[in-house]
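Mind the numbering: the sequence shown is residues 15 to 471 in this note's numbering, read in order. Read through the structure below, which is laid out as structure tokens, and then see the notes.
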Amino acid sequence: MKEKEPISVSRHLEFDQVNRELLAFLDASPTSFHAVASMGDMLEAAGCTRLEEGQPWSLEPGRGYYVTRNGSALIAFRIPQKDFLGFQIMASHSDSPAFKVKANGEMEVDRHYLKLNVERYGGMLCAPWMDRPLSVAGRIVVSTRDGVAVRLVKIDRDLLVIPNLAIHMNREVNDGYKYNAQKDMLPLMGCVEDGGDAAGAPGYLYRLVAEEAGVAPEEILDADLFLYNRMKGTVLGMNREFVCSARLDDLQCAFASLKGFLAAEPAESVAVHCVLDNEEVGSVTRQGAASTFLRDVLHRINRAMGRGEEEYLTALASSFMVSADNAHSVHPNHTDKADPTSRPYMNGGIVIKYSANQKYTTDAVSGAVFRTICSRAAVPFQVFTNRSDMLGGSTLGNISGTQVALGTVDIGLPQLAMHSPYETAGAKDTAYLVEAARVLFSTAVRGDRDGSWQVIG
Numbered sequence: 015m016k017e018k019e020p021i022s023v024s025r026h027l028e029f030d031q032v033n034r035e036l037l038a039f040l041d042a043s044p045t046s047f048h049a050v051a052s053m054g055d056m057l058e059a060a061g062c063t064r065l066e067e068g069q070p071w072s073l074e075p076g077r078g079y080y081v082t083r084n085g086s087a088l089i090a091f092r093i094p095q096k097d098f099l100g101f102q103i104m105a106s107h108s109d110s111p112a113f114k115v116k117a118n119g120e121m122e123v124d125r126h127y128l129k130l131n132v133e134r135y136g137g138m139l140c141a142p143w144m145d146r147p148l149s150v151a152g153r154i155v156v157s158t159r160d161g162v163a164v165r166l167v168k169i170d171r172d173l174l175v176i177p178n179l180a181i182h183m184n185r186e187v188n189d190g191y192k193y194n195a196q197k198d199m200l201p202l203m204g205c206v207e208d209g210g211d212a213a214g215a216p217g218y219l220y221r222l223v224a225e226e227a228g229v230a231p232e233e234i235l236d237a238d239l240f241l242y243n244r245m246k247g248t249v250l251g252m253n254r255e256f257v258c259s260a261r262l263d264d265l266q267c268a269f270a271s272l273k274g275f276l277a278a279e280p281a282e283s284v285a286v287h288c289v290l291d292n293e294e295v296g297s298v299t300r301q302g303a304a305s306t307f308l309r310d311v312l313h314r315i316n317r318a319m320g321r322g323e324e325e326y327l328t329a330l331a332s333s334f335m336v337s338a339d340n341a342h343s344v345h346p347n348h349t350d351k352a353d354p355t356s357r358p359y360m361n362g363g364i365v366i367k368y369s370a371n372q373k374y375t376t377d378a379v380s381g382a383v384f385r386t387i388c389s390r391a392a393v394p395f396q397v398f399t400n401r402s403d404m405l406g407g408s409t410l411g412n413i414s415g416t417q418v419a420l421g422t423v424d425i426g427l428p429q430l431a432m433h434s435p436y437e438t439a440g441a442k443d444t445a446y447l448v449e450a451a452r453v454l455f456s457t458a459v460r461g462d463r464d465g466s467w468q469v470i471g
């Protein structure tokens, strides 16, 4: 086997810096609402202007802009010139599997315990949520003089736990157990004390949330609240080669896309950083991949630059989308679950995903274009396909294509324990995607003829 080239000290420092920033971003983003707010802060710090869907847009070449929908999806873009060639898009998603607190969520048990009634959001691994410190984050909607307003909340302390049933009461648990979301997965919040008004009395959660938001409990009209894992992300491994954190799927890709966007210098195409919501539950919301959000934004950019419908359609023919959603690495304890010949590994580079049933959009042309981008970025890439006897999931690309039809490749970063509340990925791979995104956003793809694309820049 050929010995690997040693990595320079400067490259190690680059990986370390990217991972520190990634972990800080993940820690600040316990929900999709917080992730979008964090990205908005980063964009404004870089000089980008916030736009509102409900107001007219006046755009200038060379400027950066961003717009949000529902506070949980975000599209940022930079226009290089009025007669731009097309759009260079990287799309990821802001949501991750979690437990959502139900309306009227507090439940008293035996006049002693107080627990929360929650339901599953997305397809998660249930077992890792148990026996660990949890808390609550999300958004509340409060009454104001002018109507209603949204406040983000994150209770920044250990508040909840979902306790396992002792093995003495479930001797077969290690032989396989089917978790019942209504019975097994409800978190314990406290004890109800005699007298009724002490901590743990009904309404305690909303009092905590109101205090966090700086409002009175009676001002809260409604809420979207989720449990989140309190265990902070870390870099670990024999040579610090792994990143472990909550919500790597898919905030790792969203973060890398944004960092690449901010570092890029678009020349002939509009750079578009797109983060959509609700991918984990099918994308069929007004802020999901099946919505008009991306299509609306691209139309408005085209119109604001004084271009017509014909120019918009020709721009789509010279546009390219990277659908970025994390991929499965070969598992060290379950190597047989991976395809015999397409076997991606953490720290092996960006994963290009293929599927004959088009759950992934990659074809030979879009795969070749993205391989060209990786080559120009000098970053490694690898390939993923499912075993032929195992069904895989879908992602953003094929759903978004129903609204904006353009050449698309599906990619991701390799990870383990996808949809666990604490996932594992490679310490090098985020930086690889940052650089690939920078090159993507700085180039253009000319598609004058069907099936023939030229990468420019």
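Beta carbons: idealized from backbone N, C-alpha and C, even for Gly. Small disclaimer: the values here were computed from a predicted structure and weren't measured.
Enumerate in chain order the residues of its own chain whose CB-to-CB distance from residue i is below 7 Å, with the five nearest sequence positions on each side excluded.
i      : result
ALA230 : ALA224
SER456 : ALA278, GLU279, PRO280, ALA281, GLY471
PRO75  : ILE93, PRO94, GLN95, LYS96
GLY465 : VAL379
ARG486 : Not covered by the structure: residue 486. The range shown for the chain is 15 to 471.
In or out: residue i buried (at least 16 other Cβ within 10 Å) or exposed?
i      : result
ASN184 : exposed
HIS126 : exposed
THR376 : buried
VAL123 : exposed
TYR368 : buried
GLN475 : Here the chain covers residues 15 to 471 and nothing more, so residue 475 does not appear.
ARG300 : exposed
ARG153 : buried
HIS404 : For the record, residue 404 in the displayed sequence is Met; it is not His. By the neighbour-count rule (16 or more Cβ atoms within 10 Å), MET404 is not buried but exposed.
LYS273 : buried
TYR193 : exposed
ASP211 : Residue confidence for ASP211 is low, a pLDDT of 43 falling below 50, so the modelled location carries little weight; the figure read from the coordinates is stated next. Looking at its Cβ environment, which holds fewer than 16 other Cβ atoms inside 10 Å, ASP211 is exposed.
PRO44  : buried
PRO201 : buried
GLY209 : With a pLDDT of 43 at GLY209, under the threshold of 50, the predicted position of this residue should be treated as unreliable, though the coordinate-derived value follows. Exposed: under 16 other Cβ atoms inside 10 Å.
ALA213 : Its pLDDT being 45, under 50, ALA213 is placed unreliably by the model, and nothing is read from it.
GLY302 : buried
SER408 : buried
For residue i, which residues from the same chain have a beta carbon less than 8 Å from its beta carbon, with the 5 sequence-adjacent residues on both sides left out?
i      : result
VAL169 : A small fix is needed here, since residue 169 is Ile in this sequence, not Val. SER149, VAL150, ALA151, LEU222, VAL223, GLU226.
ASP172 : PRO147, LEU148, SER149, ARG244
ARG390 : VAL453, THR457, VAL469
ARG9   : Missing from the structure shown is residue 9; the chain here goes from 15 to 471 and no further.
GLN372 : ASN412
VAL162 : VAL155, VAL156, LEU235
Tell me the residue span of the alpha helix (DSSP H) that contains residue i.
i      : result
VAL379 : 378 to 391
MET53  : 46 to 59
SER456 : 443 to 456
CYS267 : 262 to 277
Apart from the five residues just before and just after residue i, which ones in its own chain have a Cβ nearer than 6 Å to its Cβ?
i      : result
ALA458 : LEU99, GLU282, SER283, ILE470, GLY471
LEU139 : HIS433, SER434
THR248 : CYS258
LEU420 : LEU330, SER333, MET335
LEU276 : ALA60
GLU186 : none
Determine, using beta carbons only, whether residue i and residue j come nearer to each other than 7 Å.
i      : j      : result
VAL365 : ALA341 : yes
ALA450 : CYS388 : yes
VAL155 : ASP236 : yes
ILE413 : SER297 : yes
CYS62  : GLY85  : no
MET203 : LYS129 : yes
ALA354 : PHE398 : According to the sequence provided, residue 354 is Pro. The question's Ala does not apply to it. Taking 7 Å as the Cβ cut-off, PRO354 and PHE398 do not qualify as a contacting pair.
VAL286 : ALA268 : no
SER46  : ARG261 : no
GLY426 : PRO394 : no
ALA445 : PHE29  : yes
GLN429 : SER356 : no
ALA338 : MET56  : no
Our contact map puts residue i next to residue j with C-beta atoms below 8 Å; I'd like the distance itself, whole angstroms only.
i      : j      : result
PHE101 : SER333 : 4 Å
MET360 : ASP263 : Not quite, the Cβ-Cβ distance comes to about 13 Å (not below 8 Å), so this is no contact.
PHE240 : VAL115 : 7 Å
LEU73  : THR82  : Going by Cβ atoms, the distance from LEU73 to THR82 rounds to 17 Å, so no, they are not a contact pair.
ASN316 : GLU325 : 7 Å
With respect to the beta strand (DSSP E) encompassing residue i, which residues constitute its N-terminal and C-terminal limits?
i      : result
THR63  : 63 to 65
GLY152 : 148 to 158
SER356 : Where SER356 is concerned, there is no enclosing beta strand (DSSP E), given that its DSSP letter is neither H nor E.
VAL472 : As displayed, the chain neither begins before 15 nor continues past 471, which places residue 472 out of reach and without an answer.
THR438 : 437 to 440
PHE101 : 100 to 107
ILE234 : 234 to 243
ILE425 : 421 to 426
LEU308 : That residue, LEU308, is in no beta strand (DSSP E); its alpha helix (DSSP H) goes 307 to 318.
ARG3   : Within the shown structure, residues of the chain are numbered from 15 to 471, placing residue 3 beyond reach of any answer.
GLY161 : 161 to 168
VAL223 : That residue, VAL223, is in no beta strand (DSSP E); its alpha helix (DSSP H) goes 218 to 227.
GLU120 : 112 to 123
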